[in-house]
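Under the working numbering, residues 1 to 306 are what the sequence shown spells out, in order.
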Amino acid sequence: MAQEIVAAFARAGLPLRGALADMLDEHFSHHTERRGCGYTQATRYLAPLINTPRDPLAGTDLELFADWPRAETERLAARAMAAGWAQGWRCLDLPGAPLASLDDGPLLAELRTLRPRVDAVRATLVFEESLLFVDLLRDLLGGSERPAPVLPVMREKPAIGSCSQAEEYFLEIAQRRIRRGGAVNTVVDDDGRPLLLEKVGLGESHSALVVEPLRLGEVWIPPGALCALRYVDPLPPARRTRNGSCFSFRALAEVRFLRLTTLAVAPQARKRAFGPQLRAQLQANMLSPLTCTMEQLRCFAEEQLQ
Numbered sequence: 001m002a003q004e005i006v007a008a009f010a011r012a013g014l015p016l017r018g019a020l021a022d023m024l025d026e027h028f029s030h031h032t033e034r035r036g037c038g039y040t041q042a043t044r045y046l047a048p049l050i051n052t053p054r055d056p057l058a059g060t061d062l063e064l065f066a067d068w069p070r071a072e073t074e075r076l077a078a079r080a081m082a083a084g085w086a087q088g089w090r091c092l093d094l095p096g097a098p099l100a101s102l103d104d105g106p107l108l109a110e111l112r113t114l115r116p117r118v119d120a121v122r123a124t125l126v127f128e129e130s131l132l133f134v135d136l137l138r139d140l141l142g143g144s145e146r147p148a149p150v151l152p153v154m155r156e157k158p159a160i161g162s163c164s165q166a167e168e169y170f171l172e173i174a175q176r177r178i179r180r181g182g183a184v185n186t187v188v189d190d191d192g193r194p195l196l197l198e199k200v201g202l203g204e205s206h207s208a209l210v211v212e213p214l215r216l217g218e219v220w221i222p223p224g225a226l227c228a229l230r231y232v233d234p235l236p237p238a239r240r241t242r243n244g245s246c247f248s249f250r251a252l253a254e255v256r257f258l259r260l261t262t263l264a265v266a267p268q269a270r271k272r273a274f275g276p277q278l279r280a281q282l283q284a285n286m287l288s289p290l291t292c293t294m295e296q297l298r299c300f301a302e303e304q305l306q
């Protein structure tokens, strides 16, 4: 049975690219120790697009859909920009789009209705994980208007990995268990509210969990996302906390979205969204993968600042 995202986009006449559909449909090839599960891999699939600034001329983001005419779209985008539409092929459904300057053909109609059709698909979805995924996809097409601190995007892929074992450390952190030699840094917004929890000396350093929404470029990143961090050099003075240091998000030179973790959805949704990966967490005796919540991690972050 097709995952609801795949089925909904197919019904809307916007079938997803085959590789992405296979991930969301949980093809067994994605059920490995490193990949975790198909849904996890699908969020990794979006990562290179999220971490690339939106280009009004490039049709790369549209390759999430099967057989989209990229070259024709890029030619139309160039004409739109020449007519004064800075967004290129994007957001042609908005008032002011230079429709009279563009060929009134089927591709223009497709682009004008693209965001409304994606919104209509979203309105049919039931599951939490589906909504999270489609929100990321929609932001790639037209940007997010939801308020959140905007952080600089890391375009180059770092040495920090995104393997499915990262949750092990954050599950322990939620229970106030920090392994010997490890530390947890807290990154805060301008009002001093925690945005990210960064683990240091716990597996790969400088990977962090989003605890409050943020934006990377024009994409809204939800709590429970895993990111890689790079700080400015020289690093500004930091305030000591119970288990590490506290930095302003303005000390971050770059942030890269890696994937959504199993903590991105409520406990009751995890078995459905991340089934094979969750089973692997249980078999590895990770701490409370069925019950741990983002609220526990937010409370931990707030305690660090007291």
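Heads up, the beta-carbon is just placed ideally off N, CA and C, and yes, glycines get one too.
Beta-carbon separation (whole angstroms), residue i vs residue j, contact threshold 8 Å
{"i": "Gly217", "j": "Pro53", "result": "6 Å"}
{"i": "Arg270", "j": "Leu290", "result": "7 Å"}
{"i": "Ala183", "j": "Gly201", "result": "6 Å"}
{"i": "Glu128", "j": "Val265", "result": "5 Å"}
{"i": "Thr293", "j": "Glu167", "result": "Contact flag wrong, Cβ pair sits at about 13 Å."}
{"i": "Cys91", "j": "Thr186", "result": "In fact, because the Cβ distance is near 36 Å, the residues do not count as touching under 8 Å."}
{"i": "Leu141", "j": "Arg115", "result": "6 Å"}
{"i": "Arg138", "j": "Val118", "result": "5 Å"}
{"i": "Ala148", "j": "Pro213", "result": "4 Å"}
Distance between residue j and residue i (C-alpha atoms, nearest Å)
{"i": "Gln41", "j": "His30", "result": "7 Å"}
{"i": "Ala10", "j": "Leu258", "result": "27 Å"}
{"i": "Val255", "j": "Arg242", "result": "24 Å"}
{"i": "Tyr39", "j": "Cys227", "result": "17 Å"}
{"i": "Val219", "j": "Arg240", "result": "31 Å"}
{"i": "Leu57", "j": "Asp22", "result": "28 Å"}
{"i": "Glu172", "j": "Phe65", "result": "38 Å"}
{"i": "Gly59", "j": "Ala71", "result": "8 Å"}
{"i": "Phe170", "j": "Ser164", "result": "12 Å"}
{"i": "Cys37", "j": "Ser101", "result": "46 Å"}
{"i": "Gly20", "j": "Asn51", "result": "The sequence given here has Leu at residue 20, not Gly. Leu20 and Asn51: Cα-Cα distance of roughly 18 Å."}
{"i": "Met154", "j": "Glu74", "result": "25 Å"}
{"i": "Glu295", "j": "Pro222", "result": "13 Å"}
{"i": "Asp191", "j": "Leu305", "result": "12 Å"}
{"i": "Asp25", "j": "Arg215", "result": "28 Å"}
{"i": "Ala251", "j": "Val232", "result": "6 Å"}
{"i": "Met1", "j": "Ile160", "result": "With a pLDDT of only 44 at Met1, under 50, the local geometry of the prediction cannot be trusted, and no value is derived from it."}
{"i": "Val210", "j": "Glu198", "result": "9 Å"}
{"i": "Leu235", "j": "Gly13", "result": "50 Å"}
{"i": "Ala82", "j": "Pro152", "result": "28 Å"}
{"i": "Asp104", "j": "Glu110", "result": "11 Å"}
{"i": "Leu278", "j": "Ala174", "result": "17 Å"}
heavy atom of the ligand HEM below 7 Å from residue i C-beta
{"i": "Pro267", "result": "Absence of the ligand HEM is noted for the structure shown, with no ligands found whatsoever."}
Beta strand (DSSP E) segment containing residue i, residue limits
{"i": "Leu252", "result": "252–260"}
{"i": "Ile221", "result": "219–221"}
{"i": "Val210", "result": "207–210"}
{"i": "Ala225", "result": "225–231"}
Span of the alpha helix (DSSP H), counted from its first residue to its last, around residue i
{"i": "Ser130", "result": "128–142"}
{"i": "Cys299", "result": "294–304"}
{"i": "Phe170", "result": "167–174"}
{"i": "Arg177", "result": "First-last for Arg177: undefined, no H or E at that position."}
{"i": "Met81", "result": "70–82"}
{"i": "Asp119", "result": "106–124"}
{"i": "Ala280", "result": "267–283"}
{"i": "Leu46", "result": "38–50"}
{"i": "Phe9", "result": "4–11"}
Candidates the options: closest to residue i by CA position
{"i": "Val188", "options": "Ala301, Thr43, Leu57, Gly59", "result": "Ala301"}
{"i": "Leu196", "options": "Val150, Asp233, Pro236, Arg180", "result": "Val150"}
{"i": "His27", "options": "Glu303, Phe274, Gln296, Arg298", "result": "Phe274"}
{"i": "Gly18", "options": "Thr262, Trp68, Met81, Cys227", "result": "Trp68"}
{"i": "Gln281", "options": "Leu263, Arg230, Arg177", "result": "Leu263"}
{"i": "Asp61", "options": "Gly88, Ala82, Arg79, Met81", "result": "Gly88"}
{"i": "Arg230", "options": "Ala253, Gly142, Val153, Leu287", "result": "Ala253"}
{"i": "Glu156", "options": "Pro15, Trp85, Pro48", "result": "Pro48"}
{"i": "Thr32", "options": "Pro276, Val118, Met81", "result": "Pro276"}
{"i": "Gln268", "options": "Gln3, Ser288, Gln283", "result": "Ser288"}
{"i": "Arg112", "options": "Leu76, Arg34, Tyr45", "result": "Leu76"}
{"i": "Ser248", "options": "Arg79, Ala225, Gly13, Pro194", "result": "Pro194"}
{"i": "Ala123", "options": "Ala8, Ala86, Leu108", "result": "Ala8"}
{"i": "Arg176", "options": "Gly244, Ala120, Gly224", "result": "Gly244"}
{"i": "Gln3", "options": "Ser130, Asn285, Glu303", "result": "Ser130"}
DSSP beta-bridge partners of residue i
{"i": "Val153", "result": "Val255"}
{"i": "Val187", "result": "Leu196, Phe247"}
{"i": "Leu216", "result": "Leu151, Val219"}
{"i": "Phe65", "result": "Leu16"}
{"i": "Arg240", "result": "Ser245"}
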